[in-house]
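In the numbering used here, the protein residues as written are 1 to 109. C-beta atoms are modelled at their ideal positions from N, C-alpha and C, and glycine is treated no differently. Reading through the structure tokens given below for one structure.
Below, the structure written as structure tokens:
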């Protein structure tokens, strides 16, 4: 990799809003409720030449979701990103990375 560039995807949240994500709606739930929208967005990044697409898991954590739902959402997110790679017309090497954001809550040290 030291002699090559690695291209990552762009903003998922903005494109989800354009696709109909409502204010206050948790985007990670779209992995299950709107998988084709997630795949379409991620596929567009691969088709544009991205090597890496981040899973739709930025806000997926145990403070927002119980264990069972969290596992379901993260599993679906990775499955969707892999499906986007499989459907892509791009010939570049493709990877899926887990997107891990902040907890959304301040914790005491």
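| query | result |
| --- | --- |
| Span separating the alpha-carbon of residue 24 from that of residue 93 | 35 angstroms |
| Per DSSP, cross-strand counterpart(s) of residue 95 | 52 |
| Bounding residues of the alpha helix (DSSP H) (the contiguous stretch that carries residue 89) | Neither: residue 89 is in no alpha helix (DSSP H) and is coded neither H nor E. |
| Contact under 8 angstroms by Cβ, residue 16 with residue 30 | yes |
| Range of the contiguous alpha helix (DSSP H) that encloses residue 47 | 35-47 |
| Nearest-angstrom Cβ-Cβ length linking residue 46 and residue 90, presumed shorter than 8 angstroms | 5 angstroms |
| Cβ distance (whole Å) where residue 37 is taken to contact residue 48 below 8 angstroms | Contact doesn't hold; Cβ gap of about 17 angstroms is too wide. |
| Coarse secondary structure for residue 70, derived from DSSP in three states | helix |
| Inter-residue CB distance, residue 70 and residue 62 (contact presumed, cutoff 8 angstroms) | 6 angstroms |
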